[in-house]
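Enquirer: Numbering (the UniProt record's numbering), first residue to last: 1 to 834. Beta carbons are placed, not taken as given, at the ideal position from N, Cα and C, and that holds for glycine. None of the values given here were measured: they were computed from a predicted structure. Have a look at the structure that comes next, please.
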Amino acid sequence: MSVVGIDVGFQNCYIAVARSGGIETIANEYSDRCTPSCVSLGAKNRAVGAAAKTQIVSNAKNTIQGFKRMHGRTFEDPFLQTEKNKLSYELQKMPSGGVGIKVRYMDEDRVFAIEQVTGMLMTKLKETSESALRKPVADCVISVPSFFTDLERRSVIDAAQVAGLNCLRLMNDTTAVALAYGIYKQDLPTPEEKPRNVVFVDMGHSAYQVSICAFNKGKLKVLATAFDPYLGGRNFDEVLVEYFCEEFKTKYKLNVKSNIRAVLRLYQECEKLKKLMSANASDLPMNIECFMNDIDVSGKMNRPQFEELCASFLTRVEPPLKSIMEQAKLQFEDIYSIEILGGATRIPAVKERIGKFFGKDISTTLNADEAVARGCALQCAILSPAFKVREFSITDVVPFPITLKWKSTSEEGLGECEVFNKNHAAPFSKVITFYKKEPFDLEAYYSSPQELPYPDSRIGRFTIQNVTPQTDGENSKVKVKVRVNVHGIFSVSSASLIEKLKEGGQGEEVPMETDHTQRVANTKLDDQVSSSTLFLPSIIIFCTLGFETTGENKPDSTKPKIKVKSVDLPIKCELLQQLGQDLLNNFVENEGKMIMQDKLEKERNDAKNAVEEYVYEIRDKLCGIYEKFISEEDKSKFSLLLEDTENWLYEDGEDQPKQVYLDKLEELKRLGQPVQNRFKEHEERPKAFDELGKKIQLFMKVAESYKNKDEKYDHIEPTAMDSMEKNITSSMDWMNCRMIAQNKQSLAEDPVVKVAEIRSKIKEMETFCDPIVNKPKPKVESPPEKEEGKTNGPVNGQNGTEPKSEPTGAAGDNPKQTKQQNPTETQTTEMEVD
1 MSVVGIDVGF QNCYIAVARS GGIETIANEY SDRCTPSCVS LGAKNRAVGA
51 AAKTQIVSNA KNTIQGFKRM HGRTFEDPFL QTEKNKLSYE LQKMPSGGVG
101 IKVRYMDEDR VFAIEQVTGM LMTKLKETSE SALRKPVADC VISVPSFFTD
151 LERRSVIDAA QVAGLNCLRL MNDTTAVALA YGIYKQDLPT PEEKPRNVVF
201 VDMGHSAYQV SICAFNKGKL KVLATAFDPY LGGRNFDEVL VEYFCEEFKT
251 KYKLNVKSNI RAVLRLYQEC EKLKKLMSAN ASDLPMNIEC FMNDIDVSGK
301 MNRPQFEELC ASFLTRVEPP LKSIMEQAKL QFEDIYSIEI LGGATRIPAV
351 KERIGKFFGK DISTTLNADE AVARGCALQC AILSPAFKVR EFSITDVVPF
401 PITLKWKSTS EEGLGECEVF NKNHAAPFSK VITFYKKEPF DLEAYYSSPQ
451 ELPYPDSRIG RFTIQNVTPQ TDGENSKVKV KVRVNVHGIF SVSSASLIEK
501 LKEGGQGEEV PMETDHTQRV ANTKLDDQVS SSTLFLPSII IFCTLGFETT
551 GENKPDSTKP KIKVKSVDLP IKCELLQQLG QDLLNNFVEN EGKMIMQDKL
601 EKERNDAKNA VEEYVYEIRD KLCGIYEKFI SEEDKSKFSL LLEDTENWLY
651 EDGEDQPKQV YLDKLEELKR LGQPVQNRFK EHEERPKAFD ELGKKIQLFM
701 KVAESYKNKD EKYDHIEPTA MDSMEKNITS SMDWMNCRMI AQNKQSLAED
751 PVVKVAEIRS KIKEMETFCD PIVNKPKPKV ESPPEKEEGK TNGPVNGQNG
801 TEPKSEPTGA AGDNPKQTKQ QNPTETQTTE MEVD
């Protein structure tokens with residue numbers, strides 16, 4: 001199972017993977033761990049990431065960037081109407097009311113939904129992670145800003161499906177960072193101790209987010225979040241762009257904004273200048289050659305001047321910090337540390353204001369760019385059964401309060417209930433009890449529209465169907481379960497009707513409900529204490545619909561008990577800007593076709609490049625190392641063909657099918673391959689002849705040793721040695737004959753003998769001679785030792801003869817001494833001599 005965390009940023013993306021060695025941020029094909037959030041469409045294929053970024057200026061109208069904040073928004077959205085004036089590409093209204101991006105692809109105008117564009121980017125990120133892991137990737141965790149609404153979050157999940165990814169969780173940026181920070185800490189307080197409160201400040205290219213998190217050992221709880229969705233690094237870039245546009249208008253009489261390519265180049269240079277000013281307070285120059293109308297422009301800027309221009313944006317740094325302190329109800333002394341991340345936090349003025357607000361030194365222990373992706377990868381590892389991760393619970397929060405509305409039966413007008421307040425724990429489930437006689441609608445919306453970075457506060461409408469009155473005509477009790485899931489998305493997950501059964505029916509007996517039951521606004525809200533608590537409908541359950549009281553309000557204990565059961569009710573969901581399944585399937589199918597087209601185009605370009613490389617390589621070598629191996633006539637003919645092929649590549653051959661390039665390469669190789677082969681044979685032939693000569697000498701020495709009666713070879717039969725000598729002589733004659741013939745041959749002609757033939761001759765000699773030379777000597781069996789007391793003659797006492805004894809002298813003088821059969825000790829027997 002793949003374990004991948006993806007940080008899809010406004011400007012750049014990062015991918016982190018979990019391996020046996022830990023969490024690692026992986027690099028793309030350019031050995032860069034940062035992949036630009038950029039997609040470029042062309043006449044034949046798509047370019048994504050770094051390849052697309054190089055086309056921002058050259059292919060401005062078809063290169064899409066800065067599209068992250070378009071998720072879930074309508075074309076009429078005020079933010080998009082303001083944004084589209086800054087974009088180099090065209091936005092268009094989709095039939096569903098959403099926003100589409102109009103580009104030219106495959107020589108025709110196409111409109112892509114934002115889910116498709118993000119899907120293209122995620123496809124690239126998926127390919128990069130598969131290349132690093134060397135296995136398919138499907139499951140992942142993707143980061144989103146904490147202020148994303150339901151519509152935006154659902155849009156991101158749809159984009160992941162377009163790319164073939166299964167998003168296990170959409171994780172808030174600051175929560176992912178908090179996980180990456182806390183899971184490695186060994187000194188966190190125990191659950192019984194006071195938690196460690198850490199502030200995380202994330203200012204990226206397009207948004208500013210802050211949160212306070214409480215850490216205990218094995219536990220992370222988000223206390224509060226705040227944000228400024230429209231403050232980020234690009235605001236500071238825009239200040240510089242506006243300044244230099246005015247300067248160039250005065251100094252060079254150039255209307256920069258009338259030329260989109262000039263604007264894009266200016267944005268790139270201003271971003272570089274901003275980064276340089278973060279490290280240098282002196283005056284810094286900015287020079288752009290051939291900026292516009294073939295005019296070179298120049299300007300300069302220093303940090304104090306830059307901070308003065310950005311004063312209005314710098315004042316927006318503190319309000320979110322103040323907000324989270326108020327929400328969490330903490331004092332400055334309760335804060336353990338302040339961790340900053342995001343590219344814009346590198347601006348000295350931003351860091352200075354954050355540190356000044358808290359009155360503490362800020363910490364930069366986290367990787368400002370990669371911490372979000374690493375946290376997502378850790379969350380994916382926790383969710384994966386393939387990895388064993390330290391126990392660590394994560395409790396996030398609901399960023400905006402959510403309220404339900406419905407048509408009230410007991411009161412005039414509408415009933416409403418705030419089911420999730422701001423900073424409520426998430427994921428979380430709640431059960432609401434309604435008393436209804438007929439189907440009813442629940443409308444979900446965000447309670448505080450003024451806090452939303454989105455013009456529409458509605459979430460959706462949920463219709464609870466098949467609600468009927470009880471058999472006695474009374475209202476039915478309907479339990480509705482609402483939930484904010486792991487993605488931070490609100491839903492009405494289930495509904496059930498508590499049905500009274502007739503006598504004899506199968507169910508559970510409970511006291512009958514009396515008229516004294518107290519109800520408030522037709523509803524009852526039952527909190528589930530844990531997000532893992534499940535409410536199971538369609539089963540028989542125990543319900544107490546009444547309670548005992550005393551005096552006038554006490555129900556009659558003699559009332560008969562009734563049986564009830566829970567019946568599952570269907571729910572119809574109408575969500576704003578929700579992609580239909582058919583349309584989503586169509587997006588997935590189109591993405592598959594575009595992936596195939598990209599693959600075919602890559603193969604076509606590879607074939608074209610192979611022809612071009614062959615032309616340049618052979619042409620250079622024809623005047624060098626190959627010059628002696630081709631005749632003048634063939635050289636002139638081949639050189640002309642190479643020149644014609646080069647011209648063809650840049651004219652008619654600029655855009656041809658793959659097979660045409662393969663055929664052209666084959667045509668070139670028909671003339672070039674023989675030349676290459678002759679050169680190769682000339683280089684390798686001496687080595688092969690030398691190897692054959694050494695082998696002949698080796699076997700000749702064996703034959704000479706045999707003639708000199710060398711004991712090493714005395715077991716070889718004479719006939720075998722004679723046949724080996726004949727083979728040696730034959731091989732020597734063959735080699736001498738071929739060498740003489742080859743020396744007479746011109747280098748420009750095909751060789752008389754090839755290296756393969758020489759090596760075949762060597763193998764033939766080895767096959768014939770090796771068995772003879774390496775024939776093992778026959779083993780000579782030693783005679784068995786005689787046992788003590790035994791002789792070669794008759795047994796003692798036979799034929800009337802006496803046993804004979806051998807005379808012996810001093811110990812060790814007689815070689816015929818009889819030894820004891822003892823492997824560790826030898827004894828000598830002394831005998832008398834007459």
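Check each candidate in Val482, Leu121 and Met700 and name the one with the smallest Cα separation from Thr433.
Expert: Of the listed residues, the one whose Cα sits closest to Thr433 is Val482.
Enquirer: Smallest Cα separation from Arg196: which of Ile335, Ser408 and Val256?
Expert: Arg196 has its Cα closest to that of Ile335, out of Ile335, Ser408 and Val256.
Enquirer: Report yes or no: do the segment 710-728 and the segment 766-782 share at least 3 C-beta pairs separated by less than 8 Å?
Expert: Judged by Cβ distances under 8 Å, the segment 710-728 makes contact with the segment 766-782, as three or more pairs qualify.
Enquirer: Have a look at Val484, Leu569 and Phe428 and flag the residue whose alpha-carbon is nearest the alpha-carbon of Phe440.
Expert: Taking only the C-alpha atoms, the option nearest Phe440 is Leu569.
Enquirer: By how many angstroms is the C-alpha of Arg738 removed from the C-alpha of Ala748?
Expert: Cα to Cα, Ala748 sits roughly 17 Å from Arg738.
Enquirer: Taking the C-alpha atoms as reference points, what is the distance between residue 837 and Trp406?
Expert: There is simply no residue 837 to check, as the chain begins at 1 and stops at 834 in what is shown.
Enquirer: Straight-line CA distance for Lys300 to Met286?
Expert: Taking the straight line joining both Cα atoms gives about 6 Å.
Enquirer: Near Asp296, what residues of its chain come up, given a Cβ to Cβ distance below 6 Å and the 5 sequence neighbours on each side ignored?
Expert: Glu289, listed in sequence order.
Enquirer: Only counting runs of 4 or more residues, tell me where the alpha helix (DSSP H) segments fall wholly within the segment 38-97, in order along the chain.
Expert: Entirely contained in the segment 38-97, the alpha helix (DSSP H) runs reaching 4 residues are, in chain order, 50-53 and 78-83.
Enquirer: Who pairs with Tyr445 in a beta bridge, going by DSSP?
Expert: Answer by DSSP bridge pairing, in chain order: Thr403 and Arg458.
Enquirer: I need the DSSP call for Phe147, collapsed to helix, strand or coil.
Expert: Three-state result, Phe147: coil.
Enquirer: In three-state DSSP terms, what is Pro771?
Expert: Three-state DSSP puts Pro771 in a helix.
Enquirer: According to DSSP, Tyr14 sits in a beta bridge with which residue or residues?
Expert: Answer is Asp7, bridged to Tyr14.
Enquirer: Go ahead and pull the three-state DSSP assignment for Phe392.
Expert: Three-state DSSP puts Phe392 in coil, outside helix and strand.
Enquirer: Pick out whichever of Ser155, Arg316 and Leu188 has its Cα sitting closest to the Cα of Gly233.
Expert: Among Ser155, Arg316 and Leu188, the Cα nearest to that of Gly233 belongs to Arg316.
Enquirer: I'd like the list of long-range same chain contacts for Leu133, defined as Cβ closer than 7 Å, with 5 residues on each side in sequence excluded.
Expert: Cβ within range, chain order: Ser2 and Val17.
Enquirer: Closest to Ser494 by C-alpha separation, out of Val478, Val486, His487 and Lys500, would be which residue?
Expert: Of the candidates Val478, Val486, His487 and Lys500, the one whose C-alpha sits nearest the C-alpha of Ser494 is Val478.
Enquirer: Which same chain residues, not among the five before or five after Trp734, have their C-beta less than 8 Å away from its C-beta?
Expert: Cβ neighbours of Trp734 beyond the five flanking positions: Lys761.
Enquirer: Taking the runs of the beta strand (DSSP E) that are 3 residues or longer, which of them lie wholly in the segment 131-208?
Expert: DSSP runs (the beta strand (DSSP E)) wholly in the segment 131-208: 139-144, 166-172 and 196-203.
Enquirer: Look up Thr225 in the DSSP assignment and say whether it is helix, strand or coil.
Expert: Of the three classes helix, strand and coil, the one that applies to Thr225 here is strand, per DSSP.
Enquirer: Would you tell me roughly how many angstroms separate the C-alpha atoms of Asp150 and Gly488, rounded to the nearest one?
Expert: Roughly 7 Å between the two C-alpha positions.
Enquirer: Can you tell me the Cβ-Cβ gap for Tyr208 and Leu223, rounded? I've got them flagged as a contact below 8 Å.
Expert: Between Leu223 and Tyr208 the Cβ distance is about 18 Å, and since that is not below 8 Å, they are no contact.
Enquirer: From the DSSP output, read off the bridge partner residues of Phe420.
Expert: DSSP lists Ile402 as partners of Phe420.
Enquirer: Once the 5 residues before and after Asp77 are set aside, which same chain residues still bring their CB inside 7 Å of it?
Expert: Once the five neighbours on either side are set aside, the close Cβ partners of Asp77 are Pro455.
Enquirer: Out of curiosity, what's the CA-to-CA distance linking Lys70 and Val99?
Expert: A quick correction: the sequence has Met, not Lys, at residue 70. Between Met70 and Val99, the C-alpha separation is close to 7 Å.
Enquirer: Under 8 Å by Cβ, that's how I've got His205 and Gly359 pegged, so tell me the actual separation to the nearest angstrom.
Expert: So it is not a contact: roughly 28 Å between Cβ atoms.
Enquirer: Taking 6 Å as the limit between beta carbons, can you name the residues of its chain near Ala349, skipping five residues before and five after?
Expert: Cβ neighbours of Ala349 beyond the five flanking positions: Glu307 and Leu314.
Enquirer: Inspect the CB distances between the segment 178-195 and the segment 141-161 and report whether three or more fall short of 8 Å.
Expert: Flag = no, the segment 178-195 and the segment 141-161 do not touch.
Enquirer: Let's test the definition: count the other Cβ atoms within 10 Å of the Cβ of Lys669 and tell me whether it reaches 16, buried, or not, exposed.
Expert: Counting Cβ neighbours within 10 Å, Lys669 comes out exposed, since fewer than 16 surround it.
Enquirer: Find out if the Cβ-Cβ distance for the pair Thr175, Lys217 is shorter than 8 Å.
Expert: Contact: no.
Enquirer: Can you tell me whether DSSP reads Val833 as helix, strand or coil?
Expert: Note that Val833 has pLDDT 34, beneath the 50 cutoff, so the model's placement of it is unreliable and the number below is only indicative. DSSP places Val833 in coil when its eight states are reduced to three.
Enquirer: Rounded to whole angstroms, what's the CA-CA distance from Asp515 to Ser457? Just pull it up for me.
Expert: Because the pLDDT at Asp515 is just 31, under 50, the model does not fix this residue reliably, and the point stays unresolved.
Enquirer: Give the secondary structure of Asp296 by DSSP, where H, G and I count as helix, E and B as strand, and everything else as coil.
Expert: In this structure, Asp296 counts as strand in the three-state DSSP scheme.
Enquirer: What does Met286 pair with, by DSSP beta-bridge criteria?
Expert: Answer by DSSP bridge pairing, in chain order: Gly299.
Enquirer: Tell me, to the nearest whole angstrom, how far the beta carbon of Leu309 is from that of Val239; I am working on the premise that it is less than 8 Å.
Expert: Indeed they touch by this definition, with Cβ atoms about 5 Å apart.
Enquirer: Whole angstroms is fine: what's the gap from Cys245's alpha carbon to Glu269's?
Expert: One C-alpha to the other measures close to 12 Å.
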